[in-house]
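Only one structure is covered here, and it is reproduced in the block below.
Residue numbers (the numbering used here), protein chains in the order written: chain A, 62 to 262; chain B, 62 to 262; chain C, 7 to 265.
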């Protein structure tokens, strides 16, 4: 039952398979040539791999092959466990993902504590968070957003796929952060005592 | 046209895809479990991937996925970068074209400036100049000549098409102004040559 | 979704709840600030944060802080700041309503509740994110992809005109150099002799040598003419044609036809 395969589909399949990183349609076109209808080939491949042990997935604008999620139990063993993130890092990541772009002060206003320098560094080092310019307010604070690597790692097609984001939005829990309230409730934290409440990472 | 796939085939497919090394049937069984008929699953996979952009191949007793051999050319993308020849290189090329075959020492005598090794390398890389044997004088220096690629690039049928000294004079290319210009740029040439040396690293 | 196991944390919410319930075993290091403590107390009270009693929550927090103090636990300043603020909020809520106060205590209580909800939402969302099928943990990409390469091909650019111009310039540079001295405006000795001889007939009286120079000569030519005319005058004097006279050093040199 060998079917003569569309050469364009084969080319896109091989390119994505050999790639070390997820690729956008534009990237792929640079390899397979301008004559190939890359989106059409991607669609065919998606269909073809549906239900197989390997899947073609879209994350943000990028595409890659990965093993099917339901086979995790077979593959997980003998693999180093991904480094555990501190609670501070997890919360900070969630705040950035659901509110992006946000400044450090805004993250702190939601969490009610200062975040240590290391927390953002860990997220940036993981390739999930990046500085995304500055907020045009007094002080011009840096603002942070998530990356396409974040979408890839957490298996999200786009930020719209963030778990529960619609409900949170509807409940007003993703509204702009009321910075005034943050100031009102918390005085300045002195350095020595900060130790106690600082992140444990 | 989603076909419910054999779970055993899926498991073997995913395991091989994520593997860090080619795997024997025994290796695979360690992951997918003893109940799976690994050879049968491998056969099905072989059949399935026949003619696709990805192939399942057996080397010795081990199996692995690889991109289809006939698509290897896709995985190397050539990107052309156009760069202007440095002034030193243009002059060297001109001297070779008018005086070929010439040794490096002869080129330097005509130019009145030393040329770096990189200058000739660039001209050879461009495909315009080739070594043309050695001059039978003490030291037996390499001599250089132009190539047919040179003639093609500059639209010449033969070297006889190059304008003679009289033509150059008639065209005003030997005017004192040019001489002054030449002198003026004289000092900058060493820079140009240095750049080429760096580029070739 | 079950909260158990969602946090990749050594402290799970459940453990935290237990700690809150038994204040004697509190470990202040486990709290990420007063808001975190408040949230845990609130969750202890009700799962739905929108239905909690802020007044009861404030009371629990203040009791908690008081107990920590009696145990002589050192509390970070922000816990105490929060305690002071909550004490103020509590008394405001208990006092008869004063419409002049803005924001009203009810408004402040609502904002506090919203903050707790927001923090809780982010905490749960973080846990749900971590529980997704993650690359490298649940799903895998190829371990050893062949990789895609970009091969840089350098193309060199040079046009024909550049080529022949370059050669022209080399040639121009290496051509033999001739030095030609530009013709300058001078009056030769011969010219001066002719001129002075022909004009001397007019000079019956003493006449300055400058009078024999061309009238509208360039300064350079005039200097040359002066020098040549001087030598010519000496020559004519030597021949006995003219007389020379100078009253003092650097005084005007005068000549006249020999009588």
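Using N, Cα and C, we set each Cβ at its ideal position, and we do this for glycine too.
Remember, it's a predicted structure, so these values are computed and weren't measured experimentally.
| query | result |
| --- | --- |
| So which residues on chain A does residue 129 of chain C lean against when the C-beta distance must stay under 7 Å? | 152 |
| Quick one: Cα of residue 98 of chain B to Cα of residue 161 of chain A, how far? | 49 Å |
| Where do the ends of the alpha helix (DSSP H) carrying residue 210 of chain B lie? | 209–214 |
| Could you check how far apart the C-beta atoms of residue 219 of chain C and residue 232 of chain C are, in whole angstroms? I think they sit under 8 Å. | 6 Å |
| If you reduce the DSSP assignment to three classes, tell me which class residue 58 of chain C lands in. | coil |
| I'd like to know if residue 93 of chain A contacts chain B, where contact means its C-beta is closer than 8 Å to some C-beta of that chain. | yes |
| At a Cβ threshold of 8 Å, is residue 201 of chain B touching chain A? | no |
| If you follow the alpha helix (DSSP H) that residue 152 of chain C is part of, which residue opens it and which one closes it? | Neither: residue 152 of chain C is in no alpha helix (DSSP H) and is coded neither H nor E. |
| Can you look up residue 125 of chain B in the DSSP assignment and give me helix, strand or coil? | strand |
| Using a C-beta to C-beta distance shorter than 8 Å, which residues of chain B count as neighbours of residue 168 of chain C? | 146, 151 |
| In chain order, what residues of the segment 62–83 of chain B put their CB closer than 9 Å to some CB of chain C? | 75, 78, 79, 80, 81, 82 |
| Buried or exposed: residue 218 of chain B, going by 16 or more other Cβ atoms within 10 Å of its Cβ? | exposed |
| With distance defined between alpha-carbon atoms, name the residue in C:131, C:260, C:264, C:241 nearest to residue 199 of chain C. | C:241 |
| Report, in whole angstroms, the separation of the C-beta atoms of residue 80 of chain B and residue 134 of chain B, which I expect to be a contact under 8 Å. | Not a contact, Cβ separation roughly 26 Å. |
| Helix or strand or just coil, what does DSSP make of residue 158 of chain C? | strand |
| Is the Cβ-Cβ distance between residue 125 of chain C and residue 171 of chain A less than 8 Å? | yes |
| When you compare each of B:227, B:128, B:211, B:180 to residue 152 of chain B by their alpha carbons, which one comes out closest? | B:180 |
| Three or more C-beta pairs closer than 8 Å, one from the segment 107–125 of chain A and one from the segment 196–210 of chain A: is that the case here? | yes |
| Who are the neighbours of residue 232 of chain B on chain A, taking C-beta pairs under 9 Å? | Residues of chain A passing the Cβ test: none, with the nearest at roughly 43 Å. |
| If you count every other CB in all the chains shown that lies within 10 Å of the CB of residue 175 of chain A, and 16 or more means buried, which is it? | buried |
| Tell me which residues of the segment 162–181 of chain A have at least one Cβ-Cβ distance to chain C shorter than 7 Å, keeping chain order. | 171, 172, 173, 174 |
| Please list, in chain order, all residues of the same chain as residue 223 of chain B whose beta carbon is under 8 Å from its beta carbon, the five residues on each side excluded. | 158, 159, 217 |
| Check the Cβ-Cβ distances between residue 115 of chain B and every residue of chain A, and say whether any is below 8 Å. | yes |
| Can you check whether the C-beta of residue 207 of chain B is within less than 8 Å of a C-beta belonging to chain A? | no |
| With 8 Å set as the bound, which would you pick, yes or no: does the beta-carbon of residue 41 of chain C sit closer than that to a beta-carbon of chain A? | yes |
| Tell me which residues share the same chain as residue 202 of chain A and place their Cβ nearer than 8 Å to its Cβ, disregarding the 5 neighbours each side in the sequence. | 164, 165, 166, 195, 196 |
| Does the beta carbon of residue 120 of chain B sit closer than 8 Å to a beta carbon anywhere in chain A? | no |
| In terms of residue numbering, what span does the alpha helix (DSSP H) encompassing residue 249 of chain C cover? | Run containing residue 249 of chain C: none in the alpha helix (DSSP H); it sits in the beta strand (DSSP E), 248–252. |
| What's the C-alpha gap between residue 168 of chain C and residue 192 of chain B? | 23 Å |
| Going by C-alpha to C-alpha distance, which of C:263, C:38, C:257 sits closest to residue 129 of chain C? | C:38 |
| Take residue 107 of chain B and list the residues in its own chain whose beta-carbon comes closer than 6 Å to its own, dropping the five residues that flank it on each side. | 117 |
| If you draw a straight line from the alpha carbon of residue 229 of chain B to that of residue 146 of chain B, how long is it in whole angstroms? | 21 Å |
| Residues in its own chain within less than 7 Å of residue 195 of chain C by CB, not counting five upstream and five downstream? | 234, 237, 238 |
| Between residue 112 of chain A and chain B, is there a C-beta pair that is closer than 8 Å? | yes |
| So the candidates are A:71, A:109, A:130; which of them puts its Cα closest to the Cα of residue 94 of chain A? | A:71 |
| Using the C-alpha atoms, what's the distance from residue 166 of chain C back to residue 204 of chain A? | 53 Å |
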